[in-house]
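No gaps in the numbering here: position 228 of the sequence shown is 227 in numbering that gives the first Met the number 0, and each next residue is one more.
C-beta atoms are modelled at their ideal positions from N, C-alpha and C, and glycine is treated no differently.
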Amino acid sequence: MAKNVYSVRQVNAYIKNMFVQDFMLNRIYVKGEISNCKYHTSGHIYFSLKDESGAIACVMFAGDRRGLGFRMREGQKVIVLGSVSVYERDGRYQLYAKEIVPDGEGVLYQRYVQLKRELEEMGMFSPEYKQPIPVYSRTVGIVTAPTGAAIRDIMNVARRRNPYVQLILYPALVQGEQAAPSIVKGIQVLDAYGVDVMIVGRGGGSIEDLWAFNEETVARAIFECRTPVISAVGHETDTTIADYTADLRAPTPSAAAELAVADYRQLRGGMELFAGQLADRLEQKIRLYRQRLEQKKLRLMHVSPEYQLNQKKQYLSELTDRFAQEMEKKLTGRRHRLQLCAGRLDGLSPLKKLQQGYSYTELSDHRPLRSIAQVRQGERLLIHVTDGKIEAQVQGTEAVQGRVPGPSVCADTKS
0 MAKNVYSVRQ
10 VNAYIKNMFV
20 QDFMLNRIYV
30 KGEISNCKYH
40 TSGHIYFSLK
50 DESGAIACVM
60 FAGDRRGLGF
70 RMREGQKVIV
80 LGSVSVYERD
90 GRYQLYAKEI
100 VPDGEGVLYQ
110 RYVQLKRELE
120 EMGMFSPEYK
130 QPIPVYSRTV
140 GIVTAPTGAA
150 IRDIMNVARR
160 RNPYVQLILY
170 PALVQGEQAA
180 PSIVKGIQVL
190 DAYGVDVMIV
200 GRGGGSIEDL
210 WAFNEETVAR
220 AIFECRTPVI
230 SAVGHETDTT
240 IADYTADLRA
250 PTPSAAAELA
260 VADYRQLRGG
270 MELFAGQLAD
280 RLEQKIRLYR
290 QRLEQKKLRL
300 MHVSPEYQLN
310 QKKQYLSELT
320 DRFAQEMEKK
330 LTGRRHRLQL
340 CAGRLDGLSP
350 LKKLQQGYSY
360 TELSDHRPLR
370 SIAQVRQGER
380 LLIHVTDGKI
390 EAQVQGTEAV
400 QGRVPGPSVC
410 ADTKS
């Protein structure tokens, strides 16, 4: 057995070191056809480059995707700038992509990347310079070709969403050497006219077809425009300098019309909804204030002089009734007692006794006769009966045994 035995990790590390020391492999351009392209959720892109003789595995990490101005697709021919190294875990080499440009468009793309970097460093893409797009625009300016799918799509969408919005077209060239000055002129004319929002764009195409929207003059015209600008250049995979400079980017002209023109039906439905809510709120407010008004009215009525006077009158009436009731009770009680006393007095009345056959006798000096000891024979007496008085004379006296004798004449005389 050989003396030197290496682990797999050591071998892979040694091979990777050989790749790292090779200057050519550290910065190499490789062209080929994209195959097995996968956009990972982490942001990395995994794909292969192949030609008629073979293939090489490639990866572009998420941090390097900022310079990628298009979305890669199967079969697309590209040029990849990167470094070749070994992925030690699997023991296979792959190309680590730093920049990717479509094959055949490398020079234009380099100009695009350079201008984009310069304008970005100048702050022309900064969010603080972006103007808000009006929600309800009445006039929409359009800078595009007078013929073609872009203007038709914008008109169809605007007519469907809100037929009352006015569309003002500046017929500009969107392709060729004179396209950039024509687009700049259109932006300046519509900005001076005073539209509410502006759509600048065209349909999709190759990088050469879209190059007018990558010119610095167009980018500066959009940046200096006082009117909010929506860029609508090409399809979703095509991004131009104008898209970065504009206040809002739309992937297609149809999408730009959707953003610029509010949906009239949705707006009307929202207004009807708000009108219903406003009516409900108003009705609630009216009911609430009516209740408060009734409460205030009751409170005011309670403190009014008329209410207080009526309350006092009612209280006085109640007191009068109570006083009358108490007086009646008192009189009834007193009448009852009077009747009792009258009964008792009637029972003690001398007249009552006289009516029962009794009489009242008094001496000549009008003293009541109580005992035989008070009279002498021949003395005159006065007898009172019910219907009058009788004069009588004493013929004699007779004591009755067992009765208490009355006071003597001598005692009366002395007294």
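Residue i and residue j closer than 9 Å at C-beta
i, j, result
"residue 168", "residue 211", "no"
"residue 218", "residue 244", "yes"
"residue 232", "residue 209", "yes"
"residue 418", "residue 365", "Outside the modelled stretch of the chain, which goes from 0 to 414, sits residue 418, for which no answer is possible."
"residue 254", "residue 160", "no"
"residue 166", "residue 142", "no"
"residue 43", "residue 17", "no"
"residue 347", "residue 383", "no"
"residue 29", "residue 94", "yes"
"residue 130", "residue 227", "yes"
"residue 190", "residue 133", "no"
"residue 52", "residue 34", "no"
"residue 56", "residue 92", "yes"
"residue 252", "residue 148", "yes"
"residue 11", "residue 90", "yes"
"residue 32", "residue 21", "no"
"residue 87", "residue 8", "yes"
Proximal residues to residue i (C-beta, below 6 Å), its chain only, five neighbours per side dropped
i, result
"residue 256", "153, 156 and 157"
"residue 98", "66 and 80"
"residue 111", "213"
"residue 378", "393"
"residue 101", "77"
"residue 307", "none"
Own chain, CB closer than 7 Å to residue i, minus 5 neighbours either side, in chain order
i, result
"residue 181", "171 and 172"
"residue 407", "Legend: pLDDT at residue 407 = 45, less than 50; position of this residue unreliable, value from coordinates given subsequently. Closer than 7 Å at Cβ, skipping near neighbours: 372."
"residue 411", "For residue 411, the pLDDT reaches just 40, beneath the cut-off of 50, and the residue's location in the model is therefore unreliable, leaving the point undetermined."
"residue 413", "Caution is warranted here: a pLDDT of 35 is assigned to residue 413, below 50, making its placement in the model unreliable, and no coordinate value can be reported."
"residue 375", "393"
"residue 361", "367, 368 and 381"
Residue range of the unbroken alpha helix (DSSP H) whose run includes residue i
i, result
"residue 417", "Nothing about residue 417 can be read from this structure; the chain reaches only from 0 to 414."
"residue 101", "Element bounds for residue 101: not the alpha helix (DSSP H) but the beta strand (DSSP E), 91-101."
"residue 240", "240-244"
"residue 316", "304-347"
"residue 81", "Element bounds for residue 81: not the alpha helix (DSSP H) but the beta strand (DSSP E), 76-86."
"residue 149", "148-160"
"residue 258", "252-259"
Those residues which DSSP pairs with residue i across a bridge
i, result
"residue 463", "Residue 463 is absent from the model: the chain starts at 0 and stops at 414."
"residue 222", "None, per the DSSP bridge assignment."
"residue 366", "DSSP, once it has assigned bridges, lists no residue as partnering residue 366."
"residue 392", "379"
"residue 37", "45"
"residue 30", "78"
"residue 59", "44"
"residue 138", "165"
"residue 247", "229"
"residue 399", "Residue 399 pairs with nothing; no bridge assigned."
"residue 54", "49"
"residue 360", "382"
Cβ neighbours of residue i in the same chain (closer than 8 Å, five flanking residues each side left out)
i, result
"residue 118", "124, 215, 218, 240, 243 and 244"
"residue 259", "132, 136, 139, 157, 196, 198 and 229"
"residue 122", "128"
"residue 39", "45"
Limits of the beta strand (DSSP E) - the one that residue i falls within
i, result
"residue 197", "196-201"
"residue 230", "228-232"
Residue-level contact to chain C via CB, residue i, 9 Å cutoff
i, result
"residue 42", "No chain C is part of this structure, which consists of one protein chain only."
Checklist entry - Is it true that the region 70-78 meets the region 193-201, where meeting means three or more beta-carbon pairs spaced less than 8 Å apart? => result no
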